[in-house]
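Just so we're aligned, residue 0 is where the sequence shown starts under numbering that gives the first Met the number 0, counting upward by one.
For every residue, glycine included, the Cβ atom is placed at its ideal position computed from N, Cα and C.
First comes the structure, then the notes that go with it.
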Amino acid sequence: MRVLGIETSCDETSVAVVDKSGGTLTVVSQEIASQIEHHRAFGGVVPELATRHHLLRLDPMVKDMLQTSPLASVDGVAVTVGPGLATSLLVGTSYAKSLALAAGKPWLGVNHMEGHLFSPFLSRGLLPERPHVALIVSGGHTLLIHVPELFHYQLLGSTLDDAAGEAFDKVAKMLGLPYPGGPEVEKQARQGNPAAVDFPRSMLDSGDFNFSFSGLKTSVRVHLQKPDHAPVADICASFQQAVADVLVKKTIRAAKKLKVGTVTLSGGVSCNKALRSAFEKAANDKGLEALVAEPIYSTDNAAMIAAVAACRLERGETSPWDLDVNPNLRLALR
Ligand code: KG4
Ligand code: ZN
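Here it is in structure tokens:
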């Protein structure tokens, strides 16, 4: 099963071809055009700008990809239909439907969060054989999900306020660092002491699997108001450590409670090296297998969308032609 995938939910235009054969997943090719440079001056993603750039970039990118993977060689076309920015989703979805209709191929609308959930499998090229607990940390979501088997999702917890990536971005803004804040905070943190400021580990002992990052963000703001506040590098390292501590500890606890042997980590924030290594170390210490998405599949990309679609199309699923985009689409739980 070979699928052409398209992702335009936010500020990356991406096209990929993924091949599924049995339990093996192969990314045949992938292109990502980031729009960060266009949004940086505004301190965040400007939806109208994002939409215009998707319109400009998507068609030449697909045409390029079809040079090496012609439409005749793919079994279907997939695209993110939500969650995301409505008008950005519409560009990719209208394009994908038209392409599939013209080529006489099935199409499938994919949930972006299910894409993130699949991205650790792309990195090792294999679908999981065992139940696992998935931590997805992106700019808009922080989700802890139990996956007893492929396509069965039970929500264990989520953030009650800011998403982990959003907290990184907001703290970066407070510190005067450019957008997007996550990579900038990480860069500063490399020169800092993670034990310099004792920021709160919110909800660590709440007894559930929910998260909260708004109090931590406020603690950074309050600390910054002190005349003798720590240097920026120390604040970044201490903040990053506080976020990683809670994310990692709660994921490991969930895996132990549910008696699963594998934990996965994905979403834009999983690019963060401190989080990745804390996650891997904690899993190893507890005898768990850790699957962490490579950075190229951590941030928004079309390979993860094509991977979900390859598995779902193979099961005979397709989407109706009148399926609309849904900016607030949720993962179907059961
Ligand atoms: O998954 P993603 O690319 O887009 C969404 O679906 O939201 O995630 C973007 C988020 C942003 O908040 C960005 O600051 C964060 O991921 N991020 C990072 C790092 N790289 C990206 N956060 C912390 N450390 C990083 N190295
Ligand atoms: Zn994303």
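Leaving out five residues on either side along the sequence, give the residues of the same chain with a beta carbon under 6 Å from the beta carbon of residue i.
i	result
Glu185	Asn271
Ala254	Val132, Val262 and Leu287
Ser237	Pro193, Ala195, Val196 and Phe198
Met60	Val14 and Glu30
Leu54	Val90
Leu118	It is Ser, not Leu, that sits at residue 118 in the sequence shown. Here the set comprises Ser265, Ala292, Tyr296 and Met303.
Report the partner residues of residue i according to the DSSP bridge assignment.
i	result
Gln29	Ala15
Glu288	Thr261
Ala77	Gly4 and Leu107
Thr141	Val136
Ser97	None; Ser97 has no bridge partner.
Leu125	Thr23
His37	Its beta-bridge partners do not exist; DSSP assigns none.
His131	Val146 and Thr261
Would you call the CB atoms of residue i and residue j closer than 8 Å?
i	j	result
Val259	Val109	no
Val17	Thr7	no
Gly4	Ile295	no
Ser318	Trp106	yes
Glu30	Asp63	yes
Gln187	Ala229	no
Ala292	Leu246	no
Phe208	Ala166	no
Val221	Ile234	no
Glu11	Ala32	yes
Leu312	Met0	yes
Leu223	Met173	yes
Arg39	Pro177	yes
Gly175	Gly138	no
Leu322	Gln153	no
Ala95	Val324	no
Val78	Thr67	no
What did DSSP end up calling residue i once you bin it into helix, strand or coil?
i	result
Ser20	strand
Phe208	coil
Asn271	coil
Ala229	coil
Gln153	strand
Thr158	strand
Val146	strand
Ser68	coil
Thr317	coil
Leu84	coil
Gln224	coil
Glu165	helix
Pro59	helix
Val307	helix
Which residues in the same chain as residue i place their Cβ atom closer than 8 Å to its Cβ, once the five residues preceding and following it in sequence are excluded?
i	result
Ile251	Val262, Ala281, Ala282, Lys285 and Leu287
Ser122	Leu290, Val291, Ala292, Glu293 and Tyr296
Leu149	Leu126, Pro127 and Cys310
Just confirm the distance between the C-beta atoms of residue i and residue j, as a whole number of angstroms; I'd bet it's less than 8 Å.
i	j	result
His140	Ala162	5 Å
Ser28	Ala49	Not a contact, Cβ separation roughly 24 Å.
Val136	Gly43	Actually they do not touch by this definition, with Cβ atoms about 18 Å apart.
Leu159	His145	Not really, about 19 Å apart at Cβ, beyond 8 Å.
Lys104	Cys310	Not a contact, Cβ separation roughly 17 Å.
Val76	Leu88	Actually they do not touch by this definition, with Cβ atoms about 15 Å apart.
Ala200	Ala243	Inspection of the sequence shows that residue 200 is occupied by Arg rather than by Ala. The pair is not a contact, with the Cβ atoms about 10 Å apart (cut-off 8 Å).
Lys249	Leu98	Contact doesn't hold; Cβ gap of about 41 Å is too wide.
For residue i, which residues from the same chain have a beta carbon less than 7 Å from its beta carbon, with the 5 sequence-adjacent residues on both sides left out?
i	result
Ser269	Val136, Arg275, Val291, Ala292 and Ser297
His37	Leu48 and His52
Val170	Gly180, Val184, Lys216, Val219 and Phe238
Ala301	Gly4, Ile5, Glu6, Ser13, Val14, Ala15 and Gln29
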